[in-house]
DNA sequence: ACGTACTATCTAACCAGATAGTCAGAAACT
DNA sequence: AGTTTCTGACTATCTGGTTAGATAGTACGT
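Chains as they are written, first to last, in the working numbering: chain A, 1 to 189; chain B, 1 to 189.
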C-alpha cells in the first residue's frame with residue numbers, strides 16, 4: 001500500500017466535510033469519517049486532535065475558499081450577491097457548515113481571524129461606496145452587509161439528499177435573479 | 001407528592017424547548033431534559049414516544065405560536081417583517097429551533113400541515129397585493145416571501161448565552177429599522 | 001365510614017449498543 | 001537502523017430506550 005500523509009489528510013478532510021455538512025458536530029461520527037476516508041480512525045486524532053478541531057479545520061478551509069473565490073465589489077453589490085449565490089450553489093456544503101457553526105459553536109467566528117479581517121474590509125468597502133454615493137445610505141455598512149449575506153443565502157441550505165438531485169436550472173436562475181433584484185433595491189442610492 | 005399529568009407534560013415540553021434550542025436534536029440529551037423538567041425520563045417516552053417526536057412536538061408548538069401571534073398583512077409587508085423581527089427577538093428559541101429543524105430534519109416542514117397551509121395563504125396574499133399594485137412585481141410571490149423571511153431572521157439566531165445577556169436596546173432598534181427598511185425597498189411598487 | 005378493586009401517574013434500576021479517544025506495535029520508506 | 005505512517009484491538013463512558021413495580025387518586029359496594 002502506498003503511504004502518503006498529505007493524501008490521507010486530504011481524504012480525511014474531504015470525508016469530514018461531507019459528514020459535518022450532513023450531520024453537524026454532535027451528529028457526526030468519527031468512525032464514519034474514518035471509514036469514508038478509507039483511513040484509520042487514529043490518524044484523525046494524530047492529524048487533527050479531536051472531533052471539534054477537525055470541524056474547525058474543515059470550516060476554516062471552506063470559509064477560506066469562499067473568501068479567496070468571491071471578492072467583494074462594493075461598486076456592484078448586486079453582482080457580489082449573485083456571485084455569493086453562485087458559490088453557495090456550487091458548494092452546498094459550505095452553507096450547511098456555516099449554519100452548523102453558528103448553532104454549535106457559540107461565540108460566532110471570532111476565532112477565524114482571516115474571516116474577521118475580511119469582513120472588516122468588506123464593511124469599510126461598503127462604507128466607502130456609500131460615501132461615494134454609489135450605494136444608498138439608508139442603513140449602516142455592517143447592517144447592509146449582514147442583510148446582503150442573508151439575502152444571498154436565502155435558498156442555500158438544501159439537505160444533502162436534495163442537494164444530490166440537482167434543482168431544476170430554471171428554478172435556480174429565478175432565485176438568483178430574485179437575490180440580485182433584492183440587493184439592487186436594497187442598495188439603490 | 002401531587003400528581004398532574006398535564007403539568008408534567010408541560011414541564012417536559014418547556015425543558016425540551018430549552019434543550020433542543022441549545023443543542024439541537026443530536027446534541028440534546030434526554031436525561032438532561034428529564035432532570036431539568038424534574039420528571040422521570042420514562043414519562044418522556046410515555047408522553048412523546050421518542051426524542052425525535054419530542055422535538056417535533058416542541059417545534060410544532062413554537063411554530064404554531066408564531067403563526068397565531070404574527071398574522072400577515074400583505075398591504076404592509078415592512079410592518080409584517082418588523083413584527084416577525086419582534087417575535088423572534090422575544091422568543092429567541094424559535095429561531096434556533098427553526099434552524100436545527102432545517103438542518104436535522106431533511107424534507108423541510110412538509111409535515112407541518114398547519115404551517116404549510118399558512119404559507120400558501122401568505123403567498124396568495126402577497127400575490128394579491130402585487131396584483132392590486134400595493135407591492136412591486138419584481139419577483140414572484142413565493143420568492144418575495146422567502147426573501148422577506150430571510151431578511152427578518154438575519155439577526156435572530158443568538159447563542160443561548162448571548163441570548164441570556166440582553167443585547168443593547170439601541171442595537172436591536174437599529175437592526176429592526178434595517179429590516180423594515182430593506183423590506184420597504186424590496187416591496188416598493 | 002370503610003375497605004376493595006381499578007386506573008392513572010410516576011420511579012428507579014437496568015440494558016445493549018454506540019462513541020470519542022488511546023495504545024502498543026506492525027509495515028513501509030529512507 | 002531509524003523514522004514516518006499506519007493498523008486493529010481496546011476501554012471507559014455515555015445514550016436512547018425499556019421494564020417491573022411502587023404510589024397516589026378514584027369509583028363503588030357495603
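C-beta: ideal position from N, C-alpha, C; glycine also.
Because the structure is a prediction, the values reported are computed rather than measured.
Proximal residues to residue i (C-beta, below 7 Å), its chain only, five neighbours per side dropped
i, result
"residue 141 (chain A)", "123, 126, 127, 130"
"residue 190 (chain B)", "Nothing can be reported for residue 190 (chain B): it is not among the residues displayed for chain B, which extend from 1 to 189."
"residue 34 (chain B)", "40, 41, 44"
"residue 184 (chain B)", "78"
"residue 55 (chain B)", "20, 25"
"residue 59 (chain A)", "97, 101"
"residue 30 (chain A)", "41, 44, 51"
CB contact below 7 Å: residue i versus chain A
i, result
"residue 138 (chain B)", "yes"
"residue 206 (chain B)", "With chain B covering 1 to 189 only, the question about residue 206 (chain B) has no answer from this structure."
"residue 127 (chain B)", "no"
"residue 103 (chain B)", "yes"
"residue 99 (chain B)", "yes"
"residue 150 (chain B)", "yes"
"residue 178 (chain B)", "yes"
Rounded distance between the beta-carbons of residue j and residue i, thought under 8 Å
i, j, result
"residue 19 (chain B)", "residue 36 (chain B)", "7 Å"
"residue 96 (chain B)", "residue 21 (chain B)", "4 Å"
"residue 85 (chain A)", "residue 28 (chain A)", "About 27 Å separates the two Cβ atoms, so there is no contact after all."
"residue 186 (chain B)", "residue 186 (chain A)", "7 Å"
"residue 246 (chain A)", "residue 147 (chain B)", "Residue numbering for chain A in the displayed model covers 1 to 189; residue 246 (chain A) lies beyond these limits and cannot be assessed."
"residue 70 (chain A)", "residue 87 (chain A)", "5 Å"
Neighbour flag for residue i against chain B, beta carbons, 7 Å
i, result
"residue 181 (chain A)", "yes"
"residue 186 (chain A)", "yes"
"residue 134 (chain A)", "no"
"residue 21 (chain A)", "no"
"residue 154 (chain A)", "yes"
"residue 27 (chain A)", "yes"
"residue 115 (chain A)", "no"
"residue 146 (chain A)", "yes"
"residue 15 (chain A)", "no"
6 Å Cβ shell around residue i - same chain, five flanking residues per side excluded
i, result
"residue 190 (chain A)", "Look at the range of chain A in this structure, 1 to 189, and you will see that residue 190 (chain A) is not part of it."
"residue 16 (chain B)", "33, 54, 58"
"residue 182 (chain B)", "151"
"residue 188 (chain A)", "136"
"residue 132 (chain A)", "none"
Close Cβ partners of residue i (< 8 Å) along its chain, the five nearest in sequence each way excluded
i, result
"residue 145 (chain B)", "119, 122, 123, 126"
"residue 173 (chain B)", "none"
"residue 67 (chain B)", "114, 115, 118"
"residue 14 (chain B)", "37"
Any non-hydrogen atom of the ligand GDP closer than 6 Å to residue i Cβ
i, result
"residue 5 (chain B)", "The ligand GDP is absent from the structure shown, which contains no ligands of any kind."
TODO: Output the residue ranges of the alpha helix (DSSP H) runs that lie fully inside the region 40 to 87 of chain B and measure 4 residues or longer, sorted by chain position.
DONE: 41 to 48, 51 to 69
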